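Residue numbers (my numbering), protein chains in the order written: chain A, 29 to 347; chain B, 33 to 321.
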Amino acid sequence: MMTSIFSAVFSLDAVYVLTGVVLLIFALMTFADRGNPRRVGSGFFWFTLGIIFALGSVMPHWLTGLLVLFLVTLDGLGRVSRGSHQPDQSSQAGRAKALGNRIFIPVLAIPIVTFAFALIFRWLGMDANRGALVGLGFGGLTAMFACLILTRSDARSLMNEGRRLNEAMGAVNILPQLLASLGVIFTAAGVGALIAQGIQQIIPANNLFLLVLANCLGMALFTIVMGNSFAAFPVIATGVLVPLIIKPFGVDPAMAAIITLTAGSSGTLMTPMAANFNIVPAALLNMRDQYGVIKFQLPFALTIWSFHVVLLWLLIKIS
Amino acid sequence: MNIQDLLKLAGVAIVVIGLALRLRTTLVVVVAALVTGLVAGLPLFSHEGFFQQLPYLTKPGQTGIINTLGRAFADNRLMTLFIITLPAIGLAERHGLQEQAANLIRKIHAATVGRLQIVYQLFRVLHGLMGIRLNGHPSFVRPLIFPMSVGAAQVSGSAPRAVASRSITTDPSPDNSLATAGSVPRAVASGSITTDNPLATARGTDPIERIKAANAAAENYGNFYGQNLSPVQAGILLVYGVMQGLGVTVGVWDLVKYTIPIVGASIILAIIQFSWLDRSLGKMAEVKR
Chain A
29 MMTSIFSAVF
39 SLDAVYVLTG
49 VVLLIFALMT
59 FADRGNPRRV
69 GSGFFWFTLG
79 IIFALGSVMP
89 HWLTGLLVLF
99 LVTLDGLGRV
109 SRGSHQPDQS
119 SQAGRAKALG
129 NRIFIPVLAI
139 PIVTFAFALI
149 FRWLGMDANR
159 GALVGLGFGG
169 LTAMFACLIL
179 TRSDARSLMN
189 EGRRLNEAMG
199 AVNILPQLLA
209 SLGVIFTAAG
219 VGALIAQGIQ
229 QIIPANNLFL
239 LVLANCLGMA
249 LFTIVMGNSF
259 AAFPVIATGV
269 LVPLIIKPFG
279 VDPAMAAIIT
289 LTAGSSGTLM
299 TPMAANFNIV
309 PAALLNMRDQ
319 YGVIKFQLPF
329 ALTIWSFHVV
339 LLWLLIKIS
Chain B
33 MNIQDLLKLA
43 GVAIVVIGLA
53 LRLRTTLVVV
63 VAALVTGLVA
73 GLPLFSHEGF
83 FQQLPYLTKP
93 GQTGIINTLG
103 RAFADNRLMT
113 LFIITLPAIG
123 LAERHGLQEQ
133 AANLIRKIHA
143 ATVGRLQIVY
153 QLFRVLHGLM
163 GIRLNGHPSF
173 VRPLIFPMSV
183 GAAQVSGSAP
193 RAVASRSITT
203 DPSPDNSLAT
213 AGSVPRAVAS
223 GSITTDNPLA
233 TARGTDPIER
243 IKAANAAAEN
253 YGNFYGQNLS
263 PVQAGILLVY
273 GVMQGLGVTV
283 GVWDLVKYTI
293 PIVGASIILA
303 IIQFSWLDRS
313 LGKMAEVKR
């Protein structure tokens with residue numbers, strides 16, 4: 029009895045429902061936000077995402093799939109935008125001084141609770157990965173309460189501030205989820221196998237170094253073209269990393285996967301497509317050469333990319 | 033390779049071209065998924081229940097694209113769990129989180145431009161370790177790190193006072209300089225685009241331009257490589273979810289563990305590059321004298 033209550037409360041599903049409720053609250057506030065020129069579209073976007081979060085484990089998959097199409101259509105039609113967020117401007121600076129470094133307490137609570145949950149789950153003989161995710165949810169909740177007590181604010185301004193950050197990021201929030209889904213559909217359609225075949229025609233399947241090189245080069249090139257290493261990863265993972273390196277050579281998948289991802293980050297340093305990181309800062313700093321940041325980063329990026337190739341190859345060799 | 037196989041790559045092409053053309057990212061990704069499934073001959077819906085009666089939409093024994101999309105999206109909700117941390121972070125920001133972080137940065141007494149960049153990069157790695165995600169260009173680099181770097185350059189004599197102060201004062205600096213993560217476009221709107229600086233020497237040798245580039249680079253180095261140091265970060269969750277979808281289970285803590293050598297390399301490389309920057313700034317100053 030006790031254990032079943034425990035495992036229901038401290039489960040991933042409970043955290044998903046909690047996040048869903050937060051999203052539903054954001055949605056209701058957006059519907060009521062007259063300062064948002066697209067409050068109906070934006071409201072429906074966050075409402076639908078909230079429903080998927082809260083009920084995703086029990087809804088039939090076809091319904092979730094249709095709701096995802098609805099989300100993307102709303103965003104595609106430009107119906108999702110930011111609202112107005114009038115905070116109470118009551119002496120922010122004064123409060124900042126009064127709280128001092130204590131303002132870091134709620135923010136630090138998030139990683140501490142996450143880590144604690146992972147340790148407790150492992151100690152109880154359960155999955156530590158799941159523990160970290162459940163901990164992230166309860167860390168967020170702990171931080172909310174800590175923040176409310178510390179700042180003596182009300183729940184309404186708490187949610188309004190959350191909504192402000194959420195809307196500042198916007199519909200792009202769901203991009204990692206969509207990209208992972210794209211990877212799954214690529215696999216179902218046999219795209220990964222196809223890319224793997226193509227590479228095998230050029231590179232002998234037993235030449236580990238060339239395969240590692242193709243893996244890291246593909247990751248960097250896709251990232252340079254798309255401006256986003258998160259978008260490149262599912263393609264490279266399904267087409268190269270898993271079928272040609274991890275499975276045939278029996279490689280530690282965690283090691284190979286994370287090194288492949290950051291091989292993509294080296295690509296991000298070199299591309300104007302990652303405008304947020306390379307072009308916008310040049311404008312913010314009034315640089316004469318809009319590619320000045322990329323030029324500065326280029327030798328660093330090429331060196332650390334080569335390091336990825338060598339490190340991945342060496343770690344596979346010695347294991 | 034037959035025609036249908038080639039057509040299957042249409043999805044990859046759609047993603048590459050769509051993102052390169054800066055079309056709406058979410059739409060590009062889902063269209064690519066639908067097209068890939070359709071050219072591979074997959075049905076839209078699974079052959080079950082109500083959908084069995086509909087013509088064309090299902091095929092017996094095959095899972096539908098929409099069903100796969102729904103299942104994958106639901107399975108990967110973990111990647112978007114960070115939304116639950118936003119209310120606390122937002123409220124903390126409203127009560128001076130960023131101002132307090134800025135106070136900490138101001139206490140740095142780095143003797144040279146290069147050392148300041150390294151300390152700032154480490155500060156951003158620390159963010160990654162704590163699971164905080166933000167774009168530091170508008171919130172730290174522009175309002176704090178750039179002026180502090182110019183200050184350090186003046187002390188060590190590598191930036192002529194006139195040029196340095198001019199660059200700062202003529203910048204219509206973004207009034208929302210302590211803006212929050214994700215507010216880049218707004219900051220740009222209130223900032224300004226590249227202007228010509230008549231006092232500057234040839235491109236690439238202007239110390240102020242080099243310093244600006246180094247400021248932005250320190251931010252990117254710290255952000256990109258440091259962010260994988262916490263299992264709650266998007267990159268780790270993406271890798272975890274994608275690998276899970278491919279039938280390969282990885283541990284989030286193992287992902288974090290194996291990113292440590294990469295973070296180490298990024299810091300060492302940055303130390304080398306920023307030391308070189310200090311040396312070349314010093315040479316420029318000598319030439320001017």
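By construction, the Cβ of each residue, glycine as well, lies at the ideal position given by its N, Cα and C atoms.
The structure presented is a predicted model; accordingly, all values stated were derived computationally and were not measured.
Determine whether the Cβ of alanine 305/B lies closer than 9 angstroms to any Cβ atom of chain A. Strictly speaking, residue 305/B in this sequence is glutamine, with alanine absent from that position. Glutamine 305/B counts as touching chain A.
In whole angstroms, what is the alpha-carbon distance linking glycine 4/A and phenylalanine 258/A? Since the first residue shown for chain A is 29 and the last is 347, residue 4/A is missing from the structure and cannot be characterised.
Going by CA-CA distance only, name the one from Arg103/B, Lys91/B, Glu80/B and Asn34/B that's closest to valine 86/A. Arg103/B
Find out if the Cβ-Cβ distance for the pair alanine 42/A, glycine 220/A is shorter than 9 angstroms. no
Since aspartate 37/B is in the alpha helix (DSSP H), which residue starts that stretch and which ends it? 35-40
So does the stretch 85-104 of chain B actually touch the stretch 169-184 of chain A, counting three or more Cβ pairs closer than 8 angstroms? no
Among Gly128/A, Leu95/A, Val100/A and Ile80/A, which residue has its Cα nearest to the Cα of leucine 113/B? Comparing Cα positions, the closest option is Ile80/A.
Look at the alpha carbon of arginine 126/B and the alpha carbon of leucine 342/A, and state the distance between them as a whole number of angstroms. Straight-line Cα distance between these residues: approximately 47 angstroms.
Can you check whether the CB of leucine 51/B is closer than 9 angstroms to the CB of valine 253/A? yes
Scan the stretch 285-347 of chain A and note each continuous alpha helix (DSSP H) run of 4 residues or more that stays entirely inside, going in chain order. 303-306, 308-312 and 320-346
Return the residues of the stretch 275-301 of chain B that lie within a Cβ-Cβ distance of less than 7 angstroms from chain A, sorted by chain order. From the stretch 275-301 of chain B, only Met275, Gly277, Leu278, Val280, Val282, Gly283, Val284, Trp285, Asp286, Leu287, Tyr290, Thr291, Pro293, Ile294, Ala297, Ser298 and Leu301 have a Cβ closer than 7 angstroms to chain A.
When the Cα atoms are used, what is the spatial distance from glycine 295/A to alanine 329/A? The straight-line gap from Cα to Cα measures roughly 7 angstroms.
Which residue's Cα is closest to the Cα of isoleucine 300/B: Gly43/B, Pro75/B and Gly254/B? When Gly43/B, Pro75/B and Gly254/B are compared, the shortest CA-CA separation from isoleucine 300/B is found for Gly254/B.
Just to confirm the assignment, what range does the alpha helix (DSSP H) spanning glutamine 85/B have? No alpha helix (DSSP H) holds glutamine 85/B; DSSP gives it neither H nor E.
What does the Cβ neighbour count give for threonine 281/B, buried or exposed, with the cut at 16 atoms within 10 Å? exposed
Examine the ligand SAM and report whether any of its heavy atoms sits within less than 8 angstroms of the Cβ of leucine 152/A. Only the bare structure without any ligand can be found here, which leaves the ligand SAM out of the picture.
Selected residue, minimal CA-CA separation from phenylalanine 34/A, among Leu83/A, Leu152/A and Leu236/A: Leu152/A
Check whether the Cβ of histidine 141/B lies closer than 9 angstroms to any Cβ atom in chain A. no
Roughly how many angstroms separate the alpha carbons of serine 312/B and serine 334/A, rounded to a whole number? Near 25 angstroms, if we compare the C-alpha coordinates of serine 334/A and serine 312/B.
Residue span of the alpha helix (DSSP H) that contains proline 119/B, given as start and end: 118-126
Classify valine 37/A as buried or exposed, calling it buried when 16 or more other Cβ atoms lie within 10 Å of its own Cβ. By the Cβ-count criterion, valine 37/A is exposed, with fewer than 16 other Cβ atoms from all chains shown falling within 10 Å of its own Cβ.
Shorter than 9 angstroms from the beta carbon of valine 173/B to some beta carbon of chain A? With respect to chain A, the C-beta atom of valine 173/B has a partner C-beta closer than 9 angstroms.
With 9 angstroms as the C-beta to C-beta threshold (strictly closer), list the residues of the stretch 92-114 of chain B near chain A in chain order. Thr95, Gly96, Ile97, Ile98, Asn99, Thr100, Leu101, Gly102, Arg103, Ala104, Phe105, Ala106, Asp107, Asn108, Arg109, Leu110, Met111, Thr112, Leu113 and Phe114
Using the three-state DSSP reduction, which class does alanine 72/B fall into: helix, strand or coil? In the structure shown, alanine 72/B adopts coil according to DSSP, grouped into three states.
Close beta carbons around alanine 284/A, own chain, < 7 angstroms, minus the five adjacent residues each side: Leu269, Ile273, Ile274 and Leu340
Give the DSSP-derived three-state secondary structure of asparagine 243/A in the structure shown. The three-state reading of DSSP puts asparagine 243/A in helix, counting H, G and I together.
State buried or exposed for isoleucine 268/B, treating a residue as buried only when at least 16 other CB atoms are found within 10 Å of its CB. buried
Quick check on isoleucine 35/B: buried or exposed, where buried means 16 or more other Cβ atoms within 10 Å of its Cβ? exposed
Inter-residue Cα distance where the pair is glutamine 94/B and alanine 216/A: 10 angstroms
Tell me which residue opens and which closes the alpha helix (DSSP H) that aspartate 370/A is part of. This structure gives no information on residue 370/A, because the portion of chain A shown stretches from 29 to 347.
Return yes when the Cβ of glycine 163/B is within less than 9 angstroms of the Cβ of phenylalanine 306/B, no when it is not. Against a cut-off of 9 angstroms, the Cβ pair of glycine 163/B and phenylalanine 306/B comes out as no contact.
Where phenylalanine 77/B meets chain A, residues with beta-carbon distance less than 8 angstroms: Trp90
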